[in-house]
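Taking it in order: structure first as structure tokens, then the write-up.
Number of protein chains: 2
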Amino acid sequence: MTTRDTILQAALERFARTGYLGSSIQQIADDVGTSKSSVLYHFESKEALLEAAMQPAIDAMSALVAALPQTGPDKLEAIPALATGFVDVLMAHSAAVSVFVTQRGALRDVPVIGRANALVDEIASTLVQEAPSARVLTRVSIGLAGVAFILGDGLDDEREHVDPAEMREIFIDTLLELCLPQPQSLERIR
Amino acid sequence: MTTRDTILQAALERFARTGYLGSSIQQIADDVGTSKSSVLYHFESKEALLEAAMQPAIDAMSALVAALPQTGPDKLEAIPALATGFVDVLMAHSAAVSVFVTQRGALRDVPVIGRANALVDEIASTLVQEAPSARVLTRVSIGLAGVAFILGDGLDDEREHVDPAEMREIFIDTLLELCLPQPQSLERIR
DNA sequence: CATCGTACTGACCGATCGGTCAGAGCTTGA
DNA sequence: TCAAGCTCTGACCGATCGGTCAGTACGATG
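Just so you know, the sequences run in chain order A and B.
For the record, in the first sequence the residue sitting at position 110 is 110 according to the working numbering, with numbers rising by one throughout.
For the record, in the second sequence the residue sitting at position 19 is 19 according to the working numbering, with numbers rising by one throughout.
Now the structure itself:
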């Protein structure tokens with residue numbers, strides 16, 4: 001692996017663990033055993049380093065959205081595939097997801113964060129089929145945010161390790177359930 | 001309102017909008033029209049300011065948890081009340097929720113953040129009734145995280161304003177639905 | 001009037017930040 | 001052999017950070 005790629009990976013992990021503002025270029029350099037100047041040789045600024053580190057996740061999510069049918073009845077049938085793809089991309093880029101979830105407010109002026117926000121909006125509006133009631137919209141938002149938050153969270157935690165395949169299935173099922181316009185019954189509990 | 005309370009409120013809003021590390025004492029002082037020294041006169045450090053700003057939300061959530069029945073069949077019946085209380089506290093302290101959701105990783109060493117984490121764990125374990133399968137545990141986590149994330153997010157956004165009472169109802173319903181061990185049917189969509 | 005505690009301020013401190021720059025070490029090809 | 005180019009480094013810069021401190025303004029109390 002090239003020095004550049006090593007820096008990229010270490011930076012993403014640092015940003016996810018201690019935040020963008022809480023991570024200094026010097027710390028990232030120490031993580032990979034090089035100098036601060038070396039980091040700034042490969043990336044022209046700290047912000048450029050963040051952009052480069054987030055780009056693969058953005059690309060994967062963009063590809064997912066681009067493959068969606070734009071109109072017609074196919075759109076409804078695409079929902080399960082979209083939910084599956086969404087979960088897969090998030091699980092494959094959990095560090096980038098963590099950075100986005102926790103930094104999107106403080107870093108709203110950084111272009112790459114803005115692009116990620118636009119993608120999320122697009123996915124949410126697709127998962128909400130037909131007439132978007134406030135109820136379905138909110139339910140889908142809870143699902144997307146909840147899944148993203150959990151996936152971005154379990155990085156350094158010593159959380160008990162559940163089988164990733166099982167987690168994937170639960171995420172997808174729950175997401176699809178929340179896309180349904182109405183819950184069937186709540187009598188069992190209230 | 002006293003100067004101290006004014007600082008407290010301005011600090012919480014700043015921390016929620018630009019993050020703890022992204023907010024300087026000088027900026028907070030400017031927000032309230034006083035000096036940096038004045039802020040440090042009322043609060044012995046920046047971290048103490050964060051603790052004081054988060055404390056009301058922590059207290060409200062603690063009171064909610066403390067009111068729970070510890071054992072017996074009452075525990076199951078307490079679930080709807082807990083979900084309702086959880087949503088109400090979050091809506092009443094959305095700025096503090098935003099700080100917690102976005103900063104809990106980077107600020108894991110700050111005591112007040114640790115206390116908040118413990119509270120969330122307690123709520124989650126109560127919402128999961130009886131034998132906690134990975135499925136129910138994950139579903140509840142998605143609900144808690146999703147609701148918290150959305151409530152902490154909509155501060156400065158120009159998001160279309162839905163009726164807060166309607167949002168509250170949707171949040172509670174969705175949370176309770178996710179506490180159910182199994183979804184009834186997904187055939188309508190997949 | 002003198003005194004004391006509270007509220008507040010500007011000047012200042014050391015540390016750390018992101019970033020610049022001149023140059024060292026090394027490989028490659030003419 | 002030497003020039004060019006890529007990788008990398010330490011020294012250094014101005015700015016800003018959280019925090020300290022001596023001192024000021026002022027109302028209440030004796």
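A virtual CB, placed ideally from N, CA and C, is assigned to each residue, including glycine.
- The three-state secondary structure of Ser24(B), taken from DSSP, is coil.
- Contact annotation: Ala11(B) and Ile28(B) have beta-carbon atoms nearer than 8 Å.
- The beta carbons of Ser98(B) and Asp30(B) sit no closer together than 8 Å.
- Under the rule that a run must span 4 or more residues, the alpha helix (DSSP H) segments found entirely inside the segment 1 to 56 of chain A read 3 to 18, 25 to 32, 36 to 42.
- Around the CB of Ser24(A), fewer than 16 other CB atoms lie within 10 Å, so the residue is classed as exposed.
- Listed in chain order, the non-local C-beta contacts of Leu90(A) below 7 Å within the same chain comprise Val97, Val147, Ala148, Leu151, local neighbours out to five positions each way being set aside.
- Proximity of Met167(B) to chain A, defined by a Cβ-Cβ separation below 8 Å, is satisfied.
- Inter-segment contact for the segment 81 to 95 of chain A and the segment 39 to 48 of chain A is absent: fewer than three beta-carbon pairs are separated by less than 8 Å.
- Contact with chain A is found for Ser141(B), since one of that chain's Cβ atoms lies less than 8 Å from the residue's Cβ.
- The beta-carbon of Arg14(B) is placed no less than 8 Å from the nearest beta-carbon of chain A.
- Residue environment for Ser141(A): buried (at least 16 other C-beta atoms within 10 angstroms of its C-beta).
- Between Val112(A) and chain B, the shortest Cβ-Cβ separation is not below 8 Å.
- Burial check for Glu166(B): the Cβ neighbour count within 10 Å stays below 16, so the residue is exposed.
- Shown here, Gln70(B) sits in coil according to DSSP, grouped into three states, outside any helix or strand.
- In the pairwise beta carbon analysis, the segment 57 to 64 of chain B is classified as touching the segment 105 to 123 of chain B: at least three pairs are separated by under 8 Å.
- For Pro111(B), the uninterrupted alpha helix (DSSP H) run begins and ends at 111 to 127, by DSSP.
- Distances from the CA of Phe15(B) to each of Thr102(A), Leu144(A), Ile123(A), Leu175(A) were compared; the closest alpha carbon is that of Thr102(A).
- Straight-line measurement puts the Cα of Ala145(A) at about 15 Å from the Cα of Ile170(A).
- Against chain A, a Cβ distance below 8 Å from Phe86(B) picks out nothing, because the smallest value is about 13 Å.
- By the rule that beta-carbons nearer than 8 Å mark a contact, Arg4(A) does not touch chain B.
- Taking CB atoms only, Thr18(B) has a neighbour in chain A less than 8 Å away.
- When the alpha-carbon of Ser62(A) is set against those of Thr2(A), Leu107(A), Gly19(A), Arg115(A), the nearest one is in Arg115(A).
- Sequence-distant partners of Val32(B) (beyond 5 residues in either direction) whose C-beta falls short of 7 Å from its own C-beta, in its chain, are Thr6, Ile7, Ala10.
- Within chain B, the residues placing a beta-carbon under 7 Å from that of Arg135(A) are Ile170, ordered along the chain.
- In the three-state DSSP reduction, Asp173(B) falls in the helix class (H, G or I).
- A check of alpha carbon separations from Thr174(A) across Thr84(A), Val112(A), Val65(A), Ala53(A) identifies Thr84(A) as the nearest.
- Close partners of Gly22(A) in chain B (Cβ separation under 8 Å): Leu21, Ala106.
- The Cβ of Gly146(B) sits closer than 8 Å to at least one Cβ of chain A.
- Of the candidates Ala53(A), Ser37(A), Val39(A), the residue whose Cα lies closest to the Cα of Glu13(A) is Ala53(A).
- By the Cβ neighbour-count rule, Ala66(B) is exposed, with fewer than 16 other Cβ atoms within 10 Å of its own.
- Nearest Cα to Thr3(B) within the set Gln26(B), Gly22(B), Ser38(B), Leu21(B): Ser38(B).
- Nearest in C-alpha terms to Leu176(B), of all of Thr126(B), Ser133(B), Asp163(B), is Thr126(B).
- At a cut-off of 8 Å, the C-beta of Phe43(B) has no neighbouring C-beta in chain A.
- For Thr102(A), the C-beta contacts it makes with chain B under 9 Å involve Gly19, Val101, Thr102, Gln103, Arg104, Gly105, Ala106, in order along the chain.
- Taking the beta carbon of Val162(A) as reference, the chain B residues within 7 Å of it are Ala134, listed in sequence order.
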